[in-house]
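Undergrad: Right, I'll just put the structure down here and ask away after.
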Amino acid sequence: MAPASKKRRTETREEDGRVRTKETTDQLSSEEEMEAISKEDDAGGQTFEAKSKARKIPKHPSSEQEKAQAVSESYESKSNVFRMETEELLSEIRVDYRKRMAPAEKMLHKLKNIIEKIPPKTDVTIGGVEGEMGKRKIHIPFPEPRPGADIKYKFSYEKPTYMNIAGSYALKTVAKQHGGFAIDLVLQMPSTIFQEKDYLNYRYFHKRAYYLATIAGAIQESGLNLQLSYVDLHDDPLRPIIVVAPSGDGSEIDFTTSKCLIRIVPAAPKNTFSVSKLRPDRNAVRPVAEGDTADGSLPPTSQYNSSILADTTYFGHLTQLHEISFEAKAFKDACLLGRTWLKQRGFSSNINQGGFGHAEWSILMSLLLKGGGSKGNSVLAKGYSNYQMFKAMLQFLATRDLIMNPLLFGVESESVRWPKGPNVFDGKLGLNILFKMTEWGYRLLKHEAEITLKLLSDPVIGHFEEVFLHRLDDPCYKFDTLAYIPIPENLNKDSGLNPLLSFSQKLYDILSTGLTDRAKLIHLTLPSTSAQPIRPGGINRGLAPTGQIIAGFLLNAAQCSRAVDHGPPAGHKGGASYRAFWGDKAELRRFKDGSILESVVWVTKDSNQSIYNQIIQYLVIKNFGDKIGNYVKFIGDEYASMVGGGGNVGLFQPTMTAFEKLVKELRSLEGLPLAIRQVSAAASALRYSSVEAPLFSSGQLMQPADVVVQFESSGRWPDDLVAIQKTKIAFLLKMSELLQQAGAVTRIGLENVDYPTMNSAFMEVVYHEGSTFRVRIYHDREQTLLERQLLNKDLPGKKRDEITAALSEHRRKFIVGPLHTQEVQKLSHRFPALSPSIRLLKKWFQTHLLSRQVSEELVELMAIRTFVTTSSPPNSVMSGFLRTLHFISLWDWRAEPAIIGTVDKNASETFAAIRRSDPAMNRHVMVIPTEYDPTGTTFTESGPRKVVAARITALARSAVGASFKNIFISSTKDYDFVIHIEPKYNLPGIRSKGSKFKNLQKTEITSQDIAKLGLNVPGAFVNELNDIYGDTIIFFTAGNIIAGLWNPSSVSGRKWKVNIPYSTIPQVGVNDEEVLMLNKKSILNEISRLGGEILARIEINK
């Protein structure tokens, strides 16, 4: 499905500036919040007539519909652009039933005729059933345990009493989606083929399986060219169904063009069994010896009972949904929005995918339209628009805990309470409509609803794409860490109605207890059961080939790396259970406060595993054995290991300590004409974001970190830009003299010598332990003088470009740069995973030779956006890094800015103005507005170019879904040529200590080390090449590799003229006209001569 067109969005945003919006932001109780939804802005939209028609709002509305209508008319829409996008989405996902579904409906009629002609069979023994189906070569999908040869009850088949289409197809809420959809043909089995006590001991399910096999045999023998298989309905092993797929042969009966499957679903009449005997607290699976005795002493079989009752609800739910769709006009559209939202997040009605899909959404919404509120009032109003109804559903899911506070309709008895799961109990049907949901599936659903609700409440950004268009079902992006846990081979031999579910529940309880507050959420993704062929042979009712459970964890960043767990005090009654749970890991320890507690201590040093992964593996080994625990595969730690030391900001503590020392010494300098007003950090090493942590020990110097010094204001500063630079040099010389007297090593350096209006000098300060800083002086008068010169209309074009570049550089280095550093420092303490995520992202840019084209600050902003624009920020390096790559892959930087934080509401208008002034995007390609840089262009003026931005997007898209190893593998085949630098001239080689043995390495800083400080041979060489060939070649670099792409505008032939800025060679072009072509060979020879001995080789690809 394609998103709304960008042209349309731009037009509607202009109108949106004149639309008054309102959002509910106060903290309300659940019922108050639901009431507030009625006052929310209408993004689904009333009709144009309803909005434009002036009507007095009734003082006391006579009905809920009138009340909702009155409220909707009294408020403007939430956002015109959001409403239009929603309507466009609905129009795109709706199915054209007349054109597309004609072949499928024709097949439905044929199937109906086949089923109606099946002859009846009565009182067939199990032997007769198996013999009959064996001769016909039809497999009977008996659930486990299969019926024994000595059973007394008989099997029968009679014509269905009623056949009809049910589900979303009948309700007309089917949505177009990849892989098609399913049409449910529900057959109501006659009550005469069942006995009163067939609800016991799988008897109903065995008879149901025979009934299904009889229908499958008839269809198989009808001669229709169809693909038939058995599939467990919603992954419930007790309820197999027949799935009919088209043959694809293009024949008259082929319904491939309908892009759907047909599911034949047996149903039981409503009053076949007593509902009271199938309550959640009753037992229906009893030992053979006890037979039909009372079930009071046996554990309840809630899941089993609900599976039987669910077979009696198809037509009742269909009637209920049809009735409510007539009463609430927006109901169907709200169902479509809910279906889309659930699909994008990986939820479905299948037990192994959460157990909450479109059916549960629709049924729950219909119940909330009739009740569920205080004093029997409805939670939702029937006059809501589709957006209001959708958002109100999310509000309900996010704020109501259906485990602790079940929602009961028509019943108040404690007997309907549900064990370890959500409960929405429909008293009329005697069924918990969420019976397929596990505790972990419900917690994830609630979490996703909370996130989406906060996105919808954003007053600045609509977040339409994040809510409806983006796929968010990949566990690597959804969770902070993953564990793939093998399923025991003998699982099916264990006792239990659903052995896999029982194993998963035990695993979930153990992990929840062991991780305590380290994990905010734990979710288990179970493997689906495989389809079964109709014909016998190769029948396998086991699990799909995956054979493992994917455990996903949302971590608590403040607690997940805690090394010690505290248990009960010594002698406490809970001590025994604590020791039993932890086994040999538990020990008594005395702490500094004198307390003696049961404790568990985890390894923090010399371990490749994070602490939380150590806990998971230990618990799995202890409870399920070595064969399971030793084969647990973890995803996540490898990302943190790439940045070293787990990525903790503590790695930068020596650098920050040295910076504090520098600040202290600068402020204590005496003899300066002016007092120092402020000392600001402006380097990645001082904001915890440099790729390599500057561990300047054992005689190794760190790369100079930028520092900005501002003096107190004074009228004695000159009013000329060149004179200001000279004054700065005088200040730096005096500061250098005073610092040398204090014992520091300093030196003055010059920069921008060809541009007198730019900053011309800096001072490097080197301390004996290896810390190095590059100090520049900021004077606020410079910006005013530069802006004043730009106002001069008589300024020559070349001079104007120079002043513009100087102003941009001044803002980046002295104004926005320090503010950016302060912000990253603050956010790195707020989000522990931010610093390592930024560093890993920079490593990814370096791996793909992009670090020269993209500023460090821009990379940092991309990662920061991932953390600050969501209510569930990443808590691990893996999730922070991968979510950022996911954002980059989806970001349409041509048409929209990537807004961070609470910026000016006119950010979209500012972006539109930037695009109007530079439609070719020659100057500003990517735009990321922030609070301290509202235009979002400070760190993007120097790059990336359009071609580089397009490559970044392409690489990010290829990285989404790729393995960890492949993400950091780069190919140079896409470049026209590659220059290889001799390894001894690379930065690590220059800084080598001369010995691989630690005890022979030098430990002091020498004058030779200081002389090499800041020396970067490959960087200096590529800068020189860019100055000479920048208009002809685009350079990319990383380490000892310099790659180049010929500029397409230079490659094409051109007519002769003077002052062509690159080497050319004459050639005969089209129409025998002589043109000048780029002389690539000559240019590469020039580069080779310039490089001399530092070049190893030049590799030509194209």
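Residue 172 is where the sequence shown starts when you use the numbering used here, and the numbers rise one by one after that. Every residue, glycine too, gets a C-beta built ideally from N, C-alpha and C. Quantities reported herein were computed from a predicted structural model and do not represent experimental measurements.
1. Provide the residue span of the alpha helix (DSSP H) that contains C506, from first to last.
2. So, is P1274 buried or exposed, given that buried needs 16 or more other C-beta atoms within 10 angstroms?
3. Should Q398 be listed as close to the ligand GTP, given that the test is whether its C-beta is under 8 Å from any heavy atom?
4. Using the Cα positions of G1165 and I900, report the straight-line distance between them to the nearest angstrom.
5. May I ask you to report which of helix, strand or coil DSSP gives W611?
6. From the DSSP secondary-structure annotation, give me the bridge partner or partners of I705.
7. Classify C647 as helix, strand or coil using the three-state DSSP reduction.
8. In its own chain, which residues sit with a C-beta less than 7 Å from the C-beta of L904, not counting the 5 before and 5 after it?
9. Whole angstroms are fine: how far does the CA of L1021 sit from the CA of K1273?
10. Relative to the C-alpha of V936, which candidate in L1266, V924, D951, Q912 has its C-alpha closest?
11. Following the continuous beta strand (DSSP E) through R760, name the residue where it begins and the one where it ends.
12. What do you reckon, are the CB atoms on I433 and F426 nearer than 9 Å?
13. Which value, in whole angstroms, describes the spacing of the CA atoms of S327 and Y381?
14. Taking the beta strand (DSSP E) that T570 falls in, what are its first and last residues?
15. Spatial neighbours of L261 within its chain, please: C-beta separation below 7 Å, excluding the five flanking residues on both sides.
16. Got a sec? Which residues, its chain only, sit under 7 Å from S362 by beta carbon, not counting five neighbours each side?
17. Following the continuous beta strand (DSSP E) through H737, name the residue where it begins and the one where it ends.
18. Which of the three DSSP states is assigned to N1256 in this structure?
19. Could you please give the first and the last residue of the uninterrupted beta strand (DSSP E) stretch that includes E1270?
20. Going by C-alpha distance, which of M1248, G1201, S1223, F1192 is nearest I1265?
21. Just the Cα atoms here: how many angstroms apart are R1128 and R1122?
22. Go through its chain and collect everything with a Cβ distance to M827's Cβ below 8 Å, but skip five positions before and after it.
23. Please state the DSSP three-state secondary structure of Q780.
24. Applying the 10 Å Cβ sphere with the 16-neighbour rule, what's the burial state of D369?
25. Can you name, in chain order, every residue of its own chain whose Cβ lies under 8 Å from the Cβ of T428, other than the five neighbours on each side?
26. Could you spell out the range, first to last residue, of the alpha helix (DSSP H) harbouring A747?
27. Identify the residues that DSSP records as bridge partners of Q719: which are they?
28. Three Cβ pairs or more, each shorter than 8 Å: is that satisfied between the segment 648-661 and the segment 794-804?
29. Whole-angstrom Cβ separation of L605 and Y475, contact assumed at under 8 Å?
30. So what's E769 in DSSP terms, helix, strand or just coil?
31. Please classify G884: is it buried, with 16 or more other beta-carbons within 10 angstroms of its beta-carbon, or exposed?
32. Can you tell me where the beta strand (DSSP E) with S855 in it begins and where it stops?
33. S639 and W512 look like a contact to me (Cβ under 8 Å); what is the Cβ gap, rounded to whole Å?
34. Looking only at C-alpha atoms, which of L662, Q896, P698 sits nearest to N521?
35. Compute the distance between the beta-carbons of L910 and F882, then report whether it is under 9 Å.
36. Can you look up D1243 in the DSSP assignment and give me helix, strand or coil?
TA: For this structure:
1. 502-515 is the extent of the alpha helix (DSSP H) around C506.
2. There is no way to answer for residue 1274, as the model of the chain reaches only from 172 to 1273.
3. Only the bare structure without any ligand can be found here, which leaves the ligand GTP out of the picture.
4. Any reading at G1165 must be qualified, since the residue scores a pLDDT of 47, below 50, and its modelled position is unreliable; no value is offered.
5. helix
6. Bridge partners of I705: none, in fact.
7. helix
8. Once the five neighbours on either side are set aside, the close Cβ partners of L904 are I919.
9. 20 Å
10. Q912
11. 757-761
12. A contact, by the Cβ cut-off of 9 Å.
13. 8 Å
14. Note, T570: premise wrong, no beta strand (DSSP E); alpha helix (DSSP H) at 557-570.
15. D504, L507
16. P440, T443
17. 735-740
18. Helix at N1256.
19. 1266-1271
20. F1192
21. Roughly 10 Å separates the two Cα atoms.
22. L857
23. coil
24. The Cβ neighbour count for D369, taken over all protein chains shown within 10 Å, is at least 16; the residue is labelled buried.
25. R271, P274
26. 746-753
27. As computed with DSSP, Q719 is found in a beta bridge with P657.
28. yes
29. Their Cβ separation, rounded to whole angstroms, is 16 Å, which puts L605 and Y475 out of contact at 8 Å.
30. strand
31. Here residue 884 is Ser; the residue named in the question, Gly, does not match the sequence. S884 should be labelled exposed.
32. No beta strand (DSSP E) holds S855; DSSP gives it neither H nor E.
33. Per the sequence shown, residue 639 should be read as Phe rather than Ser. Indeed, because the Cβ distance is near 6 Å, the residues count as touching under 8 Å.
34. Answer by Cα proximity: P698.
35. No; because the gap between Cβ atoms is not below 9 Å, this pair is not in contact.
36. helix
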